[in-house]
Every structure is written in C-alpha cells, then in structure tokens.
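**Student:**
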Amino acid sequence: MTANRLAESLLALSQQEELADLPKDYLLSESEDEGDNDGERKHQKLLEAISSLDGKNRRKLAERSEASLKVSEFNVSSEGSGEKLVLADLLEPVKTSSSLATVKKQLSRVKSKKTVELPLNKEEIERARTPLEQEIFNLLHKNKQPVTDPLLTPVEKASLQAMSLEEAKMRRAELQRARALQSYYEAKARREKKIKSKKYHKVMKKGKAKKALKEFEQLRKVNPAAALEELEKIEKARMMERMSLKHQNSGKWAKSKAIMAKYDLEARQAMQEQLSKNKELTQKLQVASESEEEEGGTEDVEELLVPDVLNEVQMNADGPNPWMLRSCTSDTKEAATQEDPEQLPELEAHGVSESEGEERPVAEEEILLREFEERRSLRKRFELSQDAEPAGSQETKDSGSQEVLSELRVLSQKLKENHQSRKQKASSEGTIPQVQREEPAPEEEEPLLLQRPERVQTLEELEELGKEECFQNKELPRPVLEGQQSERTPNNRPDAPKEKKKKEQMIDLQNLLTTQSPSVKSLAVPTIEELEDEEERNQRQMIKEAFAGDDVIRDFLKEKREAVEASKPKDVDLTLPGWGEWGGVGLKPSAKKRRRFLIKAPEGPPRKDKNLPNVIINEKRNIHAAAHQVRVLPYPFTHHWQFERTIQTPIGSTWNTQRAFQKLTTPKVVTKPGHIINPIKAEDVGYRSSSRSDLSVIQRNPKRITTRHKKQLKKSSVD
Amino acid sequence: MQWPPPLRRSPLVRASPPPGPARGLLCPRRVSEAGDSSTEGARMGHSHYVTPIESAMEGRCQPLPSLRPASPTNAPAHGRGSDCTAKGPPLANVCRQNYGAAQDPVGPAGRRSARHVTGSSLGKAEVACERRWRAELVAKRSWSPAGRATKMKVKMLSRNPDNYVRETKLDLQRVPRNYDPTLHPFEVPREYVRALNATKLERVFAKPFLASLDGHRDGVNCLAKHPKNLATVLSGACDGEVRIWNLTQRNCIRTIQAHEGFVRGICTRFCGTSFFTVGDDKTVKQWKMDGPGYGDEEEPLHTILGKTVYTGIDHHWKEAVFATCGQQVDIWDEQRTNPVCSMTWGFDSISSVKFNPIETFLLGSCASDRNIVLYDMRQATPLKKVILDMRTNTICWNPMEAFIFTAANEDYNLYTFDMRALDTPVMVHMDHVSAVLDVDYSPTGKEFVSASFDKSIRIFPVDKSRSREVYHTKRMQHVICVKWTSDSKYIMCGSDEMNIRLWKANASEKLGVLTSREKAAKDYNQKLKEKFQHYPHIKRIARHRHLPKSIYSQIQEQRIMKEARRRKEVNRIKHSKPGSVPIVSEKKKHVVAVVK
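Listed in order, the protein sequences are those of chains A and B.
Numbering follows UniProt numbering, in which position 40 of the first sequence is assigned residue number 40; successive positions increment by one, without gaps.
Numbering follows UniProt numbering, in which position 588 of the second sequence is assigned residue number 588; successive positions increment by one, without gaps.
#1: B:His-315 bridges to which residues according to DSSP?
#2: Residues in its own chain within less than 6 Å of A:Lys-560 by CB, not counting five upstream and five downstream?
#3: In chain B, which residues lie with their C-beta within 8 Å of the C-beta of A:Leu-664?
#4: Using the DSSP secondary-structure output, state which residues sit across from B:Gly-494 in a beta bridge.
#5: Between B:Ile-541 and B:Val-220, which are expected to be in contact by the criterion C-beta below 8 Å, what is the C-beta distance as a whole number of angstroms?
#6: Identify, in the order they occur along the chain, each residue of the same chain with its Cβ nearer than 6 Å to the Cβ of B:Val-594, setting aside the five sequence neighbours on each side.
#7: Find the residues of chain A that neighbour B:His-537, judging by a C-beta separation of less than 8 Å, and give them in chain order.
#8: Between B:Arg-370, B:Arg-378, B:Cys-396, which has its C-alpha nearest B:Met-390's C-alpha?
#9: Pick from B:Glu-530, B:Tyr-471, B:Glu-359: whose alpha carbon is nearest that of A:Pro-679?
#10: Where does B:Gly-279 sit, in a helix, a strand or coil, going by DSSP?
#11: Run through the DSSP bridge pairs and tell me what B:Gln-257 is partnered with.
#12: Given a threshold of 16 other Cβ atoms within 10 Å of its Cβ, counted over all protein chains shown, does B:Ile-53 qualify as buried or as exposed?
#13: Looking at B:Met-427: is its Cβ nearer than 7 Å to the Cβ of B:Ser-465?
#14: Give me the Cα-Cα distance between A:Leu-481 and A:Lys-202, rounded to the nearest whole angstrom.
#15: Pull up the CB-CB distance for A:Pro-634 and A:Phe-643, whole angstroms please, since I reckon it's below 8 Å.
#16: Is DSSP giving A:Arg-478 helix, strand or coil here?
#17: Taking CB distances under 7 Å as the criterion, tell me whether A:Thr-671 reaches chain B.
#18: Output needed in chain order: residues of the segment 436–455 of chain B with a Cβ under 7 Å from some Cβ in chain A.
#19: Whose CA, out of B:Ser-580, B:Lys-228, B:Ser-488, B:Pro-548, lies closest to the CA of A:Pro-673?
#20: From which residue to which residue does the beta strand (DSSP E) around B:Thr-303 run?
#21: Can you pull the chain B neighbours of A:Trp-641, defined as C-beta to C-beta under 8 Å?
#22: Starting from B:Trp-332, trace the beta strand (DSSP E) both ways and give me its first and last residue.
#23: From B:Lys-169 to B:Pro-161, what distance separates their C-alpha atoms?
#24: Does the contact criterion of 3 or more C-beta pairs under 8 Å hold for the segment 387–406 of chain B versus the segment 428–445 of chain B?
#25: Any chance you could list the alpha helix (DSSP H) runs of at least 4 consecutive residues sitting entirely within the segment 546–631 of chain A, in chain order?
#26: Please list, in chain order, all residues of the same chain as A:Gln-145 whose beta carbon is under 7 Å from its beta carbon, the five residues on each side excluded.
#27: So, helix, strand or coil for B:Asp-440, using DSSP?
#28: Count the C-beta pairs between the segment 649–664 of chain A and the segment 470–477 of chain B that are closer than 8 Å, then say yes if the count reaches three, no if not.
#29: Find the nearest neighbour of A:Arg-268 within the set A:Glu-156, A:Asn-249, A:Lys-279, judged by alpha-carbon distance.
#30: Give a yes or no on whether the minimum CB-CB distance between B:Ser-467 and chain A is below 7 Å.
#31: Using the rule of at least 16 other Cβ atoms within 10 Å of the residue's Cβ for burial, across every protein chain shown, is B:Trp-332 buried or exposed?
#32: Since I believe B:Tyr-310 is in contact with B:Lys-282 (beta carbons under 8 Å), could you give me their beta-carbon distance rounded to a whole number of angstroms?
#33: If I measure Cβ to Cβ from B:Lys-588 and keep anything under 7 Å in the same chain, skipping five residues before and after, which residues do I get?
#34: Suppose you measure from the CA of B:Thr-506 to the CA of B:Pro-208; what does that come to, to the nearest Å?
#35: Please go through the same chain and pick out, in chain order, the residues whose beta-carbon is closer than 6 Å to the beta-carbon of A:Phe-597, but skip the five residues on each side of it.
#36: So with Cβ pairs under 7 Å, would you call B:Ser-508 a contact of chain A?
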C-alpha cells in the first residue's frame, strides 16, 4: 500500500540525510534552552501564522525586510533577543540625518547628566556615527553579537546568569555526555558500515524502514503538518534523484556491471537493484503541503509561488507539477526573495525546524538569511513556551487556548482543503505531460501512470484525519459546498478528467466568492464504501507489486516482432569469398558480388495478424496439437465434413437424454453371456417362417443379411 | 367453511370476480377488514382461508402486522400455519401440500397461481408475500363494481407433480437436467479425453489369458465344441488320445485312447449325444458323449475301418450325415459303414472338410494341391474350386453369412471368400508371420480367430485385413487348432506343447455379472473408442501390443520383403512397355484360378 511506499521513500530519504540530521538535532536542543513566555505575543504569532496559511491573508501580511528586530506600531517591545527596548533604537533612523542630530545630542546630554556611570553608557559608546558603523551595528545587533563586551552574547549571558555553578557543571557534564555519545554513535556507524554481510544490511534496512514508517504514522497523527513536511522531503529527494544521474546506470561502475551482467547473475542483480532504487526514488508521491496556488488560481499567485526555474530545486515541494509551472513563470528573483520569508514562517509554525539549509540553496543575501534565522528562533520560542506553559496565567490561557484550538481547526480544515484541490489539480494537469512523455519511454513512464490511485489515497487519508478532528471538535460554519463535496468522494473518482476540470472551475469560483474555505466532505458519504475502495486498492496495489517487474505489453510486442521476423522468408547468400577476386583474412567479398549472389526471398503472403496488434497468429502447424488431430480422412468417409459431423455429435449422457444416450451407445452386437449362439437360420431372418426361437444374438442390421441371404438361397435352389 | 376445501386444479386461472382482476390474481389470501370480509365471505360462500405456506410466510413477514386476518374463521387456519412455521422451515411440507392432490387447499380458482411458490428459499417467499400485499392494497383502492365483472385468462406455469414426486422412497429421484448445449461446452474435447482414457484403461485391463488345460501327453491336434453345452470341450492329441474337458472346472473329465497315432479330426454330433473321431489308423469312430458306467471299458459306439487315412471329419448340422476327407471327400450316413458318396477333384490329399452351418448341404474342403473345393451334398460332383498360391490348411464357414468362408493359408494369410465369386477374395487378412494352421469364426460372425505356426493366435474382424488382437505366451508353441466358444466370449487353442489354453475373446472385458451402470459405461466407452479411433493418439495407444521378439523380428523381415517385392513390381512396371505388365491387386494376386 501507500504506507509501504511511504516507508521506502522515507527510508531512502533518511539514508540520504543520515549524517545531516545529527547537527540539526543539536541545534534544536540548544534552542530549547532559551525560553520566553508571553501568552499574548504567542497567540498573536500563532494567529499570524495561521492566517498566513490562507493565501489572501498571507499576502496582506506585509513582511518587513528591515534589518531590525520586529518593530511594529502595535506592540512596542523588542522581541527574542532578551534585551529591553532602548530609546535609542526607537530614535535611531535608518540613516543619520543632520537635522535630528542636534536633538539627539540634547537628549543624550540630558540623560548623561542624570547619573554618571563608569564605564560609560553603552548607548554613548555604541552609537553609530557613520553609515558603515551603522551597518555593522545592525549586523551585530541582529546576530545578537555583543557590541561592547566582546565576550558574551546576550544569550550566553542570560544562560550564565541563569545557571548556578552546579547547574553549569551539570550542563557541562551533559554536553560531555552528548559529545561522547556522538562519538560512540559515529564509531558505531563506522563499524556498521564496514560490515560486509548483505543480509545484515538488508535486515537493518528493513528495520529502519519500519521504524521510519512508524514514526511517520505517529507524526501524522500527532502533527499532520510535520508529516506533510516529511512528505515534502521525500518529494525533494525524488527531485534530486531525477536531476542526478546517480542511479541511472550511466556511471563507470554501472557500465562495468552492464558488461558483466550478461554472464554474472550477481552483477545483474546489482544492476537491477540500482535501477529499482532509481525507480523508487523517482516515484512520485503526492505531496501535500499548505501552499494554495489554486486558491488564487490566477497567474500572479503562481508567479509569486514559483518565481524562477531555479525554484524547482529550491523545493517548493507543494507545486503540483514543476513542468507545468515552469512554463508560466516569468518572474524575477525579487519575487522569490519576497516569497521566501513568507513561506518559512509557515514551515516554522508547524514546528519543523530542520533541513532549512538545504532547502534554500539560492538565498544569497546574508542579511535576509539572518533575518529568517532570527525569526525562526523567535517562533520556536513561542511554541516552546506554548508547549510548556506554566499554569500561571490561567484566564488568558483559557481564552487563548480556546482560540488557538479553533484556529487550529480552521487551519487543519484549510490544509485539508488545499490537499484536495491540489490533488485534483495535479491529477488533471499531470496527465498532459505524462502522456506526452510516454511516447519516447513508455516503460519508464508506466509506473507513474499507474500510481495515480495511491497518491490520491494518501491524501485522502490525511484528509480523513483532519476531517475527523473537525467533526469531533466543533461544527464550523461552512459555505454551501456540500454537493461538490459529495462529488469529490472517492467512488466517483474514476470518472473522466472532464469532470475534474469542472470541479476545479467550481472551486475557483467559490474561492473568489467566499473568503472562507469550503468544507471538505458531507457526512452522508458512507465509510464502508471507502473501506471497500481501500480494499480494492489494496488488492490492486498488491497485484502491482507482485508484477512490478513485468512489462507484459512490451514483452508481447517483442514476442510478436520476433515471430514476424522468424516467419519471414530468408534471403539466400550464395557468395563465395575469394571466388573471382582476392580472398583471405579481413577481406570481404565486394558489395557488388554480394548483391549479385544474394537471392532475395520472395515476399511471403501477408500475415494474418498484420492488422491485429494484440494477436499473434501462428500459421505453422503445431506439432503438439497435431498429435490430437486426424491427418488423413479415414477410410469409409468420402468428405471431411462427413467425418467432422460424426465427431461433432456428442454421444455422452451429458449432452443427450437418457434414452438417446442408450440408443447411441448400444453396441452393434449384443450377446448374452452363457448362451449358445447358434448359426443363423433362414427362419431367423424371416425368410420362410419367422420363429425366432433362440435369439441370443440380436443383429442390428439384419436387412443386409436378408437380401444376401435371399440371393444365396435363390442361387442354391437354382443349383 | 370446510377445511381442506375441495380440490380444484386447472392450469388456467380464472380470476375470481369480487375483488377485481388484479386482486384475484395477486392475492391468494383475502384479507380484509371485518365488515368487508363478512360480506365478501357471504357472497363467495366460503370465506378466506390461509394455506400453510401463506401463513408460514406471514409468520415471517414482520412488517405486515396489519395483514393478520381479523375474522374468526381465519383464526384456526392461521394457527395451523403458524405452528408449522414455528417448528422450522416447512418448505417440503408446504410444497407437498401445494402439489399434493388430496389436501391441496385450493380455494377459489386462481389461488394456485399466486401460491405457486416452488422455490425453496423463504426469502423469495417473503418478497412474494410483500409484493402481493402491495398489489392487494392497490387493488383495494381501485376496487370498483365495474372491475368486478371482468374475467381474465392467465396462462400459468404448471408442473405435473407426477414428473418429479416419487411414489415410494425406493424410487430414484428424478433429476431434471438441462441439455442446453451452451451449458455443456467443449463436447468434442471432453469426449476425446474420455475416449483417450477409455483406450488407456482398455490397455491397462487387457489381460486375456484365463487358463491352461493340461493333461495331454502329446501335442493337441484337434478341438471340438459341444453343440449344447458351453462348458464341454473335446480335444484330440497326436498320441491318439481324446480328452473331454470341463471349462468351468478347468479339468479333464474324461480320457479316451481313441486311436493309434494322431487323432486327425474330431467332431460332435449336432445333438451333442456323441462325437466322431478319425485317426491315423484309418478308422472313423463314434463315441458316446457320456462316459461309460463304472467299471465299463471305453468303447466306441461304432468303428468304421476305411481304406485310406482320414485327415478330417465334420458332421452335418442337422442330419445324421458326416463327411470325412483324405484321398477324397466321403459323405457318410451314420447308419452305414460305407460312404453315401465320394467326391474327388484332383489327386492330392484333402486336409479339411467343413459343412456350411446355414446352407447345410454345402461343404468345402481344402486340399494340399492348393485347392479349395466346394461341394453340394445333393450332387454327385463338386461345385467349384479355387486354386490359390499356396496350400490352404483349413477353412471355416461364417455362421452368420452362408456364403462366406475363410481359408487359413500356408502363405501366412487368411482369405475370406464369397463362394459366389471365388476369383477375388473378399478380404485378405495378413498379420501372421508363419503358416496359418487353423481358423474359427466367432458365433456372431463378425470376427474369426486364427492359429498359426508362429506360436500366436490372432483375432481378425471379418472386414479388416489386419488383426485386432494377438495372443501369445512364452510357453505356447505352434498353435495347431483353435476354437471360438459358442457364447462368443472365449477362445481355446491347442498347441504343440500339449496344452489347451483358454483366452478371453475381448482382452479387457470384465468377467462376471455387470451392473447396469457398468454396462452403460462399458458401452459408452466402447462407442467413444470407436468414434475417436482415427485420432492418432488414441490409435497409437489402442494399437500398441507387445510381441515376442521372434514374431517382431519376423514382422520386420516380412515388411522388408514385401517392400522389396513391391518395389520390384513398381520398377518392372516403370521400365516396361506401358500395359505390358498388368497391375494386379493384392487380393487377386493370390488366386491362381477358379474352376467350375
């Protein structure tokens, strides 16, 4: 089933990212330490994040690309860095203007006059005077680098402050332990890598796959968004694989193996393995994520989403089909840069903090990067605080959590909705390029085509998850879309793509008209059907798996081609090398000569299956069948149809009534056991007086005898 | 109202007038409100009653509580029915009642149609019931006085219970069978497979040898059947001893030292009371079939001392006349010591003489001057003769066709002649690889058995040139005489090594009494084998026989020789003037001349 596939892809992914994972984990653990809880802010953040999920809202949320921390007109507080708001920050302009300088001076003077501290006030020292300085300050500030004191970052300072000596010791011990563990782990990994046993690796692989699947399942339950993220990663791996030639059998090793494969079974297997791996990695899973280009449906949204050709690499994993998208993108990089900050928070909102670095290979500007990092950490802190919120602020939390819950619901619903529409879009759009590509390489394309139902199914499962939550928790106001929803139910999926297109249109309309996302499914749909469907799919999947390597159609075509070739009359080459010209090693008879002595075979009659692509008609006599066929017409028959007719008439009781059966099977001569059969008499056949005294023999055809008998009798009487 | 109501059976249903056509048709049970039912009942003369099946159905039709009959007349009937259902599915019961003649509770005409629920599933019945109920409702609603007058003829499905209800439990259940050919496809392949299996089984069960009768102290020279008793067989040996055997007990019941030297011929009288023997001592002796009393000596009834050696003897089939052969064919009256007439044609010794079993005045003989001569007993001179390539050892008349006889020839072949056209034999039977010494027809006249010097016996169909069966054993030497028993089931052969062997005529036949099914199966298999006999696979299996090496190599040799001869002939024809070398058919080749 899809779970299997998922597990495989997960495994493949994990293999790719095995080493990359470790440091990230550490990062996470470090960031856990810094905790800041502000219920209000957190809630605000969450709201933002959630609302940003919806396309329109997200666009409205203008991202500030300033180098400072979050500064908004509504909430005046510095965030994340742990430092207090400083007046200087507020006053500080982007560029130092001469007009304000005097005022500033005055102000500072006033401040400095109050108390004189030694060493001098920070503000005085760190005040940026030149634009360059300003910039440097900015940078430092952003990275929370100490501006004055070069020893400690605010974070460090805070942690130092937070820790007592014991704590510090403990922390150190912890770190040491972690380091030791890491080294152990590395050593272990090295050791395991050296093990040559294939079986061991196989078992390990299987175990890992299982584990990954399990984890994924759990994740899906606990955190669907994270699961989506995981899916995205798989998709990304797929793309990477497709771009690379890693498993394409084109490398040196593969080439050498290909040569060996003819003779060596192992080499063949290795090659096949590699190919299957390629297939596995390039198999497309339907990736569900929470960007909704279809909601906008218009060009500009898509442009925004897919800013560049390069963006494919960048893994906007939720894109329905990169090939389709590339055609309609005509945007600059600015769009991408604008878009990126928007997308990242979304990711963060779902508590996934890793694998950012890989995802953005094109982000050039350091500043922006920094900014993102910062923001991310901020979000994380929010979440952490949300998770481990103390029971201090009850009233706020109650209301807040309620709201959060409801928001979550909305979110999940939106998610669901997005998946669905994406699925439809993908299925409708995806067909075109697939079909087009099918012609050059049909065998490679086939699995893609066949996989369609499962992809749908995975999404469906996710949908189901979300839906259940929805129905259980709360009844949300839903726009009138029930009819459409019922249409979307899996049982009428096999319908033509036309319908899908129609649906798409409707969705667009709806989205234009209504702000709220429509509900997903009506309750009226019985779950049993889905179960059945699932079973069916299961079955199909199983069959597909069982015959994964078989390409029946190609085999058949090949077979037919061979049959045609074999049945063609062969040319006769009567060329004698060296006859009439020089001969010897390396000398071939001239083309002219060959042409002259090549006796072309006459064209045979056209094959009967010429116009039947799915049929091979063998016009040769089958010797196996011939053993059961009569070759020559048997003696008494004068025409074949006479004989055939005798054969075609069944005599068994299966086909005849009892009476007819008895009649048909009566032997010509019936004798009674233990009775003496006397020679025939003239009276017996009714010649003189028919007194059939002893009839132990019943003749079936006495007439013939009678006539002969008569003749004979006459003759004898004459004699 | 009486219960059960009078029987009324009609294939045509007449809707009862009161409730309108639809109602009459569709609702067998008239259920109505109290007032309605009373009036209706009065009108009809009998009120509604519920048959067991209906009530059974009603018991099951939960959603129709309102249908329960309200009137008191209905109550007992309903009670019965419900009792019936409570015990279990009463379908057998129900059907019996439905079709049973005596207690069929047919009320107003037309009931049967609706109640005709023959299906065994109650589910169906329920459905039917419900439908009926609906129809009833509809009918009630549209019940009008105008509709009351209409009559309706409906053709209904009727089944005669006699066709499927068995009278006693000992009767076989008649199973209806659908012979629709689409339901039984692949008839030819299936029958082919059956035929193939039958053929194989035939080969598996082919064990023809039954018994060997030993006791003679020299080679068995002649055999004779008892005309009235199947179990009795007589044999004469080369040491002049005659033995009488009981086949059922497979032992010798009597031993007579009949002659000095060979017993050349032996024959029984048509009545079975006595038999004749001829021997090398130039005597013809008549013996009683029953042995002498205790202490008496074995003595012939009559002894005729002839002038020359008699080589064969045969008795007339109806009269007290017998014929011997030697230098000439003598026809004797039993009462006289001199022959009635002697017939000769040529001067060679005659080896065998045989009376025609049908045209009993005819007889044939074969002489060592390669002749087969036919005689009419009523004439003084022979009828005609045919000269063959080589000497004929014996002839045998077909007991079912008066003018057909078969001659066992020295040239390994047997020739079946029509005595009216001797110039061409009807059939040349060739399979033996040595001289054929004896031949005997099956009493059915369809086959004959031949004994050969090549230590085997073969069974030939009359109309086939090749044998259908060959019998041999390791110990059986040159077979001198052979007889087919009068019930056509067995074959006896006497051979050089002093034994008489008993064989089954049909090698794979099961002995003993067959049940009718066995018989049917046997017949069917036989027919199948016949039908598919030309199919190569079947043919090959059916034809396969094991042969002793000597015979096998002989056959190969014969084949080569024959092929060489044929080739030479073809070459001769090819290289000589067209028409100068006549093309002679195989049949005609062996006949030298026919003389009348």
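Note that the Cβ used here is the ideal one computed from N, Cα and C, for glycine as well.
**Tutor:** Taking the coordinates as given:
#1: B:Phe-322
#2: A distance below 6 Å between beta-carbons, with the five flanking residues on each side excluded, links A:Lys-560 to the following residues of its chain, in chain order: Ile-616.
#3: Lys-527
#4: DSSP lists B:Cys-481, B:Ile-500 as partners of B:Gly-494.
#5: Not a contact, Cβ separation roughly 35 Å.
#6: For B:Val-594, where only same-chain residues beyond five positions count, the Cβ hits under 6 Å are Val-386, Leu-422, Asp-423.
#7: Ala-627, His-628
#8: B:Arg-370
#9: That would be B:Glu-359, whose Cα lies nearest to the Cα of A:Pro-679.
#10: strand
#11: In the DSSP assignment, B:Gln-257 is bridged to B:Glu-241.
#12: Note that B:Ile-53 scores a pLDDT of 40, beneath 50, so its modelled location is shaky; the value from the coordinates is reported in the next line. Flag for B:Ile-53 reads buried.
#13: yes
#14: The predicted position of A:Leu-481 is uncertain, since its pLDDT is 40 and thus under 50; a value taken from the coordinates is nonetheless stated next. Straight-line Cα distance between these residues: approximately 49 Å.
#15: Sure, about 6 Å apart at Cβ, within 8 Å.
#16: Interpretation of A:Arg-478 is limited by its pLDDT of 44, a score under 50 that renders its predicted location unreliable; the figure taken from the coordinates is listed afterwards. Reduced to three states, the DSSP call for A:Arg-478 is coil.
#17: yes
#18: Pro-443, Thr-444, Lys-446
#19: B:Ser-488
#20: Unbroken beta strand (DSSP E) run through B:Thr-303: 302–305.
#21: In chain order: nothing, as chain B lies at least about 14 Å away.
#22: 329–333
#23: 15 Å
#24: When C-beta atoms of the segment 387–406 of chain B are compared with those of the segment 428–445 of chain B, three or more pairs fall below 8 Å, so the two segments count as touching.
#25: 552–567, 591–597, 623–626
#26: Thr-153
#27: strand
#28: no
#29: A:Asn-249
#30: no
#31: It is buried - the Cβ of B:Trp-332 has at least 16 other Cβ atoms within 10 Å.
#32: 7 Å
#33: Only Thr-424 meet the Cβ criterion.
#34: For the record, residue 506 of chain B in the displayed sequence is Asn; it is not Thr. Taking the straight line joining both Cα atoms gives about 7 Å.
#35: Leu-574, Thr-575
#36: no
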